[in-house]
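S.K.:
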Amino acid sequence: MSLWEFANPVKFMALSGKVLPWVIGLAALTLIPGLIWGFFFTPEATNFGNSVKIIYIHVPSAMMAINIWVMMLVTSLIWIVRRHHVSVRAAKAAALIGVTMTVIALITGAIWGEPMWGTYWAWDPRLTSFLILFLFYLGYMALWAAIENPDTAADLTSVLCIVGSVFALLSRYAVNFWNQGLHQGASLSMDREEHVANVYYLPLLLCIAGFILLFVALVLIRTRTELRLVRLHRLEIRERMKDA
Amino acid sequence: MIALLVRDMRLAMRAGGGFGLGLAFFLIVSTLVPFGVGPEAAILSRIAPGILWVGALLACLLSLDRIFQLDFEDGSLDLLATAPIPMEGTVAIKALAHWLVTGLPLTLAAPAFGALMNLQSPGHYWIFITLLIGTPALSMIGAFGAALTVGLKRGGLLLSLLVLPLYIPTLIFGAEAATRGTAGLSALTPLLMMAGITAGSIALLPFAAAAALRVNLR
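The listed protein sequences correspond, in order, to chains A and B. Taking my numbering, the leading residue of the first sequence gets 241, the next gets one more, and so forth. Taking my numbering, the leading residue of the second sequence gets 23, the next gets one more, and so forth.
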């Protein structure tokens, strides 16, 4: 029994079908209390006022936006090395969720930025990096949409994802070099004791967990849809061959 | 390989597509920008290096789809794939040919077009140096994008969507180096970073582009 067995779409479908309701349930169980706790039961912050509460959407979505791209990179590599169909479908499934997360992070950031910095948008390194990440997601999805043959599309988008990752990373540092900005440092990190006050920290962790579970649930649903689409495509071809 | 280079350059010049068109486009961009931002010399000379860089980048983008498209359509690319030179070599040569007919003329013309935007005196030198180092990266990255989209019927728009985000780091460092140099500051760091991107692209991207071409020829 190895992990690679789930590269078999039939096995993946069976397992994911069983797991999916649990993941959805868990996501609801963490996200809903997390958001309610964050929005209604935390005090207003000095300097920030009520606007601090957008952090419960802004930070998790921003984290997911980056992590989803990393996941797409890993799954693309797995497709190129071992040609597992589930893997590349999962990358395709994740792209739309990733781009949504990027947009949510950008928009909540703009809403938060207006009262705090007095502007919706500034050419700050973090903001700019996210805009660039958004463009990379768009290009990746456009390439998927443009190519008809699913295997060709999988190969080409995987290559694009790998090359794109290198350039996205380069852009990140180039942008840092280009303009020093307004954005505060990382809200969370492993090597510091306290980052945001504990009242905000715990509901934030709950929200992050909720966003991760929500992503897993969505990606499973979309991957199942993608696999069914591929199967449909194959069946259609088979039918057409029969007629001819 | 040299024969391929000569052939590609000859085709590009005779077809009258990329060679003159890119330059003309670059000239038009340099002419339009002052109409957009107004004729004040101070503003123009401040934004000139950046505008020249963006203009050169867009002019480079114009002719990218020709790198592989025509050869793909008439089947020469299949022949090249079975030829004794490796696919990576073909890609690198085609990118080089693209640079020689687009990037190099743009580099040579940029200091002259700078006069339209009141580019100050050390600026001519810096825009020439940065474009000379940066445009090979633009051609190579563009060849990769062209290899990805070669099998598509209307790949042109998609090609720009794929390639432009990849151009961002080169543009940032290139324009930054040109701006700093023009202002009389030290431009060594961005210049070296850009040179690094160019060297890295030339070393690694032929492999990615060749992989994409093989998929498209399958």
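Glycine included, C-beta positions come from ideal geometry on N, C-alpha and C. Predicted, not measured: the structure shown is a model, and the values here were computed from it.
Do PHE280(A) and TYR296(A) have their C-beta atoms closer together than 8 Å?
M.R.: no
S.K.: Give a yes or no on whether the C-beta atoms belonging to VAL172(B) and MET31(B) are separated by under 8 Å.
M.R.: no
S.K.: Which bits of chain B does ILE372(A) rub up against, with CB to CB less than 7 Å?
M.R.: Chain B residues near ILE372(A): PRO187, ILE190.
S.K.: Mind reading off the beta-carbon distance from MET84(B) to GLY44(B)? Whole number of angstroms is fine, and I expect it under 8 Å.
M.R.: Correcting the residue identity first, residue 84(B) is Leu in this sequence and not Met. Correct: roughly 6 Å between the Cβ atoms.
S.K.: Judging by CA-CA distance, which residue of LEU193(B), PRO228(B), LEU239(B), ALA233(B) is the nearest neighbour of ALA217(B)?
M.R.: LEU193(B)
S.K.: Closer than 8 Å, Cβ to Cβ, to anything on chain B: give me those residues from the stretch 452 to 466 of chain A, in chain order.
M.R.: none
S.K.: Short check: CB of PHE90(B) to CB of LEU99(B), under 8 Å?
M.R.: yes
S.K.: Which same chain residues, not among the five before or five after VAL343(A), have their C-beta less than 8 Å away from its C-beta?
M.R.: PHE374
S.K.: With a threshold of 8 Å on Cβ separation, who are the neighbours of LEU400(A) within its own chain once the five nearest residues in sequence on each side are excluded?
M.R.: GLY379, TYR380, LEU383
S.K.: Do we get a CB-CB distance below 8 Å when we pair GLU110(B) with the residues of chain A?
M.R.: no
S.K.: Use the C-beta contact count for GLU466(A): other C-beta atoms within 10 angstroms, 16 or more gives buried, fewer gives exposed.
M.R.: By the beta-carbon neighbour count (other beta carbons within 10 angstroms, threshold 16), GLU466(A) is buried.
S.K.: Taking Cβ-Cβ distances shorter than 9 Å, what residues in chain A pair up with ILE224(B)?
M.R.: Simply none; closest approach about 14 Å.
S.K.: Using beta carbons (cut-off 8 Å, strictly below), is ALA103(B) in contact with chain A?
M.R.: no
S.K.: Of all the CB atoms in chain A, is at least one closer than 8 Å to the CB of ILE194(B)?
M.R.: Against chain A, the CB of ILE194(B) has a partner CB under 8 Å away; the residue lies at that interface.
S.K.: Cutting at 8 Å between CB atoms, please list the residues of its own chain near SER161(B), excluding the five before and the five after it.
M.R.: So the list reads CYS82, ALA117, LEU118, HIS120, TRP121, THR124, GLY125, once near-sequence residues are dropped.
S.K.: Residues in the same chain with beta-carbon distance under 6 Å from ILE320(A), minus the five sequence neighbours each way, listed in chain order, please.
M.R.: Only SER398 meet the Cβ criterion.
S.K.: Enumerate in chain order the residues of its own chain whose CB-to-CB distance from LEU336(A) is below 8 Å, with the five nearest sequence positions on each side excluded.
M.R.: By the criterion of a C-beta distance shorter than 8 Å, LEU336(A) is surrounded in its chain by MET381, ARG462, once the five residues flanking it on both sides are discounted.
S.K.: With distances taken from CA atoms, which of LEU86(B), PRO133(B), LEU130(B) is nearest VAL113(B)?
M.R.: LEU86(B)
S.K.: Considering only their Cβ atoms, is the gap separating SER52(B) from GLY72(B) smaller than 8 Å?
M.R.: no
S.K.: Quick one: grab the DSSP three-state call for THR359(A).
M.R.: Here THR359(A) carries a coil assignment [DSSP, helix/strand/coil].
S.K.: Mind pulling the chain A residues with CB within less than 7 Å of VAL237(B)?
M.R.: THR392, ASP395, LEU396
S.K.: Does the distance from the C-beta atom of GLY349(A) to that of PHE376(A) stay below 8 Å?
M.R.: no
S.K.: So, using beta-carbon positions, are ILE149(B) and GLY167(B) closer together than 8 Å?
M.R.: no
S.K.: For ARG471(A), count neighbouring Cβ atoms within 10 angstroms of its own Cβ and tell me buried if that reaches 16, exposed if not.
M.R.: exposed
S.K.: Is there at least one Cβ from chain B nearer than 8 Å to ASP431(A)'s Cβ?
M.R.: Unreliable placement is indicated for ASP431(A), whose pLDDT of 46 sits below 50; the coordinate value is still reported in the next sentence. No, no contact with chain B.
S.K.: With burial defined as no fewer than 16 other Cβ atoms inside 10 Å of the residue's Cβ, what is the status of TYR147(B): buried or exposed?
M.R.: TYR147(B) is exposed by the Cβ-count criterion.
S.K.: Taking 8 Å as the threshold (beta carbon to beta carbon), is PHE166(B) in contact with chain A?
M.R.: yes
S.K.: Please name the residue, chosen from SER143(B), ALA46(B), ARG240(B), that lies closest to THR201(B) on a Cα-to-Cα basis.
M.R.: SER143(B)
S.K.: Nearest to VAL326(A) by alpha carbon, out of ASP483(A), VAL250(A), ILE264(A)?
M.R.: VAL250(A)
S.K.: My understanding is that ALA134(B) touches PHE48(B), with C-beta atoms under 8 Å, so please give their C-beta distance in whole angstroms.
M.R.: About 10 Å; that fails the 8 Å criterion.
S.K.: How big is the Cα-Cα spacing for ILE155(B) and LEU445(A)?
M.R.: ILE155(B) and LEU445(A): Cα-Cα distance of roughly 47 Å.
S.K.: Does SER208(B) come out as helix, strand or coil in the three-state DSSP assignment?
M.R.: Coil at SER208(B), not helix or strand.
S.K.: When DSSP labels each residue in this structure, what does SER291(A) get in the three-state scheme?
M.R.: Of the three classes helix, strand and coil, the one that applies to SER291(A) here is helix, per DSSP.
S.K.: What is the DSSP secondary structure of VAL172(B), reduced to helix, strand or coil?
M.R.: In the three-state DSSP reduction, VAL172(B) falls in the coil class, being neither helix nor strand.
S.K.: Does ALA232(B) have its Cβ less than 8 Å from a Cβ in chain A?
M.R.: no
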